[in-house]
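Counting from 75, one number per residue, gives the positions in the first sequence under the numbering used here. Beta carbons are placed, not taken as given, at the ideal position from N, Cα and C, and that holds for glycine. The block underneath contains the structure these notes are about, expressed in structure tokens.
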Amino acid sequence: MKMSQLFTKTKKSAPADAETANAKFLQQAGFVYQEMAGVYSWLPLGLRVLRKVETIIRQEMNAIGGQELFLTALQSKENWLTTQRWDDVDVLFKLQSQTGKEYALGPTAEEVITPLVQSFTHSYKDLPLAVYQIQTKFRDELRAKSGVLRGREFLMKDMYSFHTDRQNFLEFYEKAKEAYLRIYERCGVSAKVTESSGGSFSKNPSHEFQIETAAGEDDLILCRNCTFAQNTEIATKQSGEPCPDCGKELAASKGIEVGNIFDLSSRFTDAFGFTVTGEEGEKKTIYMGCYGIGVSRLVGSIVEASHDERGMIWPKSIAPAHVHITTLNAKDKESQDRIMQASEEVQEKLISNGIEVLWDERSNSIGEKLADADLIGIPLRIIVSEKTLKEGSVEWKARTETESHLVKFEDVLEQVQSFVAE
RNA sequence: CGGGCUAUAGCGCAGUUGGUAGCGCGCAUCGUUCGGGACGAUGAGGCCGUGAGUUCGAGUCUCACUAGCCCGACCA
Numbered sequence: 075m076k077m078s079q080l081f082t083k084t085k086k087s088a089p090a091d092a093e094t095a096n097a098k099f100l101q102q103a104g105f106v107y108q109e110m111a112g113v114y115s116w117l118p119l120g121l122r123v124l125r126k127v128e129t130i131i132r133q134e135m136n137a138i139g140g141q142e143l144f145l146t147a148l149q150s151k152e153n154w155l156t157t158q159r160w161d162d163v164d165v166l167f168k169l170q171s172q173t174g175k176e177y178a179l180g181p182t183a184e185e186v187i188t189p190l191v192q193s194f195t196h197s198y199k200d201l202p203l204a205v206y207q208i209q210t211k212f213r214d215e216l217r218a219k220s221g222v223l224r225g226r227e228f229l230m231k232d233m234y235s236f237h238t239d240r241q242n243f244l245e246f247y248e249k250a251k252e253a254y255l256r257i258y259e260r261c262g263v264s265a266k267v268t269e270s271s272g273g274s275f276s277k278n279p280s281h282e283f284q285i286e287t288a289a290g291e292d293d294l295i296l297c298r299n300c301t302f303a304q305n306t307e308i309a310t311k312q313s314g315e316p317c318p319d320c321g322k323e324l325a326a327s328k329g330i331e332v333g334n335i336f337d338l339s340s341r342f343t344d345a346f347g348f349t350v351t352g353e354e355g356e357k358k359t360i361y362m363g364c365y366g367i368g369v370s371r372l373v374g375s376i377v378e379a380s381h382d383e384r385g386m387i388w389p390k391s392i393a394p395a396h397v398h399i400t401t402l403n404a405k406d407k408e409s410q411d412r413i414m415q416a417s418e419e420v421q422e423k424l425i426s427n428g429i430e431v432l433w434d435e436r437s438n439s440i441g442e443k444l445a446d447a448d449l450i451g452i453p454l455r456i457i458v459s460e461k462t463l464k465e466g467s468v469e470w471k472a473r474t475e476t477e478s479h480l481v482k483f484e485d486v487l488e489q490v491q492s493f494v495a496e
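Structure representation (structure tokens):
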């Protein structure tokens, strides 16, 4: 990908009203474009990140047996009346056709998936079943805020599981919890599991996945030494107390919820009269679990968790590219041609070996190009210039490092491959 | 939804006691530069958020509305 061909441009300054890091940098670097409060378009660089996160999520959902599908965002009012949520869910966007017929714009998909699965599932032998989708969701939030962290339209992965017995549900629930932790780890962030405030006083399990960040909305008591964390809404521990798991001192902090899993029991299957025939010919109640990840929110949270004053610092697994090649300008046309040619050779060698490259071959001034590389935050920056060419080398600097060093042309591919694989 | 702040060129902003629109960046053309957003010259670009009102005259004063951001409440 050549920088000169990228239709988006970085901006010298972030939007004046952006306060959180994700709002600032995602817009300044041209990863997203704000259409309205809480509504963002995803642009080429941002979309690459979003797609990589989606891929990781797909892999982990498939690994626990999830089947991917894609549901409608436009939902029938009738189904929402059936579950008695039409008037109760205040974030529900309602819209009207030209004939006055009313619809819901999906904030979640129980009303769609339950009757859908019902139409295919008649025997206990058809269960358990887990289906998921990655789809745009709509919520009429009274206050959208913090860039892509809380939007009115956002991308979400939602999975629903169906079981004829509780034990089987609980086992799947645990598998989903582990899959979630793998997803966050693979995305380069560490998430902590907390019990949800809603689930704590009932028997139904319910958990949230929190990334620690000042931009978060939830108050947490957590241990920075181990995985222990509690939402202060239901916390039994306080900051300063020893961690019940490891004994280290607990701290008060903020977190952003990047996922939740919960037990729906038979709340929705009952509403739709969804049962299956059991071994004895009896009607069996169906238990549901629901498992959500805000995909666009997760991307924003990763920016919150990983940036410095110059820009974003993408984890390798989800960066818009593996390598950012910056070709500097030379004194004369002849050396410029040589540098461009050398850069192109490096680029082609990397690309043909499956390495993703963003090549800044623009004639812009050095300072601008280096600032852009920092802002965009690709994990590895390679500079090709007259100086490095003289040494038969490129300059190598990881986004997380302050010092650079030279790497010989013939060693670049191998070193990039091991850098990416790390 | 309550409270606060804001709205002037693509972006960031200035605009005095009310007198008819400016700066920086970016953009276009040319030239000089080239290891941290370099410089010079020329040029294009405005319904001053929208609508009413006060006034001889409104970017400026008044009111209403709309939009964005922040705090709070809310977040099935």
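If you look at Tyr258, you'll find it in the alpha helix (DSSP H) that goes Arg240 to Arg260. Rounded to whole angstroms, the Cβ separation of Asn153 and Val186 is 7 Å, and the two are in contact under 8 Å.
Excluding residues up to 5 positions away in sequence, Asn96, Ala97, Leu100, Val106, Tyr114, Phe228, Ser370, Arg371, Val373 and Gly374 lie with their Cβ nearer than 8 Å to the Cβ of Val222 in the same chain. In the DSSP assignment, the residues bridged to Met230 are Gln209 and Gly368.
Under the Cβ criterion (8 Å, minimum of three pairs), the stretch 335 to 351 does not count as touching the stretch 207 to 227. For Glu435, DSSP assigns no beta-bridge partner whatsoever.
If you draw a straight line from the Cα of Asp411 to the Cα of Met75, it comes to about 19 Å. Listed as beta-bridge partners of Glu477 by DSSP are no residues whatsoever. Under the DSSP definition of a beta bridge, Glu419 lacks any partner. Sequence-distant partners of Leu117 (beyond 5 residues in either direction) whose C-beta falls short of 7 Å from its own C-beta, in its chain, are Thr82, Gly104, Phe105, Val106 and Tyr107. Looking at the DSSP output, Met75 shares a beta bridge with no other residue. Rounded to the nearest whole angstrom, the C-alpha separation of Leu294 and Ala379 is 16 Å. Under a 10 Å Cβ-count criterion, Phe144 is classified as exposed, with fewer than 16 other Cβ atoms of the shown protein chains found around its own Cβ.
Assigned with DSSP and collapsed to three states, Arg455 falls in strand. Around the beta-carbon of Gln79, fewer than 16 other beta-carbon atoms lie within 10 Å, marking it exposed. The alpha-carbon separation between Glu419 and Gly441 amounts to approximately 24 Å.
Ala90 is classed as exposed because its beta carbon has fewer than 16 other beta carbons within 10 Å across all chains shown. Taking the CA atoms as reference points, Ala250 sits about 48 Å from Ala416.
Counting only residues of its own chain and dropping the five nearest sequence neighbours on each side, Glu435 has a CB closer than 7 Å to the CB of Lys76, Met77, Ser78, Thr401, Met414 and Ser417. Assignment of Asn278 by DSSP, reduced to helix, strand and coil, places it in the coil class.
Residue ranges of uninterrupted beta strand (DSSP E) with 3 or more members, entirely inside the stretch 121 to 159 and ordered along the chain, are 148 to 150.
Burial state of Leu169 is exposed, judged by a 10 Å Cβ sphere holding fewer than 16 other Cβ atoms.
Nearest to Val205 by C-alpha distance, out of Trp470, Gln421, Ala137 and Ala393, is Ala137.
Fewer than three beta-carbon pairs drawn from the stretch 124 to 136 and the stretch 147 to 166 are found closer than 8 Å, and the two stretches are therefore not classed as touching.
Phe336: member of the beta strand (DSSP E) spanning Ala325 to Ser339, first to last residue. Beta-bridge partners of Phe283 (DSSP): Val267 and Gly333. DSSP, read as helix, strand or coil, puts Gly180 in coil. The criterion of a C-beta distance shorter than 9 Å is not satisfied by Leu179 and Val191. The way I'd put it, the stretch 224 to 239 doesn't touch the stretch 390 to 399; fewer than three beta-carbon pairs between them come closer than 8 Å. Here Arg217 is exposed. Its C-beta has fewer than 16 other C-beta atoms within 10 Å. Here DSSP, grouped into helix, strand and coil, assigns Val373 to helix. For Ser492, the enclosing alpha helix (DSSP H) has its first and last residue at Phe483 to Ala495. Between Ile457 and Gln421, the CB-CB gap reaches or exceeds 9 Å. The C-beta distance from Glu353 to Gln284 rounds to 42 Å, too long to meet the 8 Å contact threshold. Beta-bridge annotation (DSSP): Leu294 is paired with Asn305 and Ser327. DSSP, read as helix, strand or coil, puts Val163 in coil.
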